[in-house]
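Just below is one structure, and these are the notes that go with it.
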Amino acid sequence: KIEMFGHPNQQQDSLQPYTGLLKPGQTIEHCIVRLSSAMRPPNDVVKNPVAQAVLRAAGSKLRKARLFPCAAIKCFRGENKDSGNVLFSGCKVGQSETDY
45 KIEMFGHPNQ QQDSLQPYTG LLKPGQTIEH CIVRLSSAMR PPNDVVKNPV
95 AQAVLRAAGS KLRKARLFPC AAIKCFRGEN KDSGNVLFSG CKVGQSETDY
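Position in the sequence shown counted from 1, then plus 44, gives you our numbering.
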């Protein structure tokens, strides 16, 4: 279950920035949340010398990356209705920490 809420400093009579599934005050009863890594660590899979050179040129943060955190939420709306889907991605060059 996910409950949507507005910004705490927003006045009730002001225009709400979101409508429909994301409208503040909305409760979505059935959802799935998926936490994953967008890809495998580049140093683990890059074997081609040209690709290794590109990886070195990309910078140390990408070379040291162990996790590319992503979160996805799928909200089911009911019978004969498409689900609502949202994808969140962290730093595009990954992170060296393995903690999500």
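Every residue gets a Cβ at the ideal spot worked out from N, C-alpha and C, and that includes glycine.
Here the structure is a predicted model, which is why all the values come from computation and not from measurement.
Quick check: what's the CA-CA separation for residue i versus residue j?
i: residue 112; j: residue 79; result: 10 angstroms
i: residue 130; j: residue 116; result: 6 angstroms
i: residue 118; j: residue 127; result: 7 angstroms
i: residue 108; j: residue 141; result: 9 angstroms
i: residue 124; j: residue 74; result: 15 angstroms
i: residue 17; j: residue 68; result: Nothing can be reported for residue 17, as the shown portion of the chain is limited to 45 through 144.
i: residue 91; j: residue 77; result: 34 angstroms
i: residue 47; j: residue 138; result: 30 angstroms
i: residue 29; j: residue 81; result: Outside the shown range of the chain, which is 45 to 144, sits residue 29, and nothing can be said about it.
i: residue 110; j: residue 94; result: 21 angstroms
i: residue 49; j: residue 83; result: 32 angstroms
i: residue 136; j: residue 87; result: 16 angstroms
i: residue 102; j: residue 62; result: 38 angstroms
i: residue 52; j: residue 85; result: 39 angstroms
Using three-state DSSP, classify residue i as helix, strand or coil.
i: residue 168; result: As shown, the chain starts at 45 and ends at 144. That puts residue 168 outside it, with no answer to give.
i: residue 109; result: coil
i: residue 140; result: coil
i: residue 135; result: coil
i: residue 47; result: strand
If I'm right that residue i touches residue j with Cβ under 8 angstroms, what's the distance once you round it to whole angstroms?
i: residue 121; j: residue 65; result: 7 angstroms
Quiz prompt | Whole runs of the beta strand (DSSP E) within the region 65 to 103, excluding any shorter than 3 residues | solution = For the region 65 to 103, whole beta strand (DSSP E) runs of length 3 or above, ordered along the chain, are 74 to 81.
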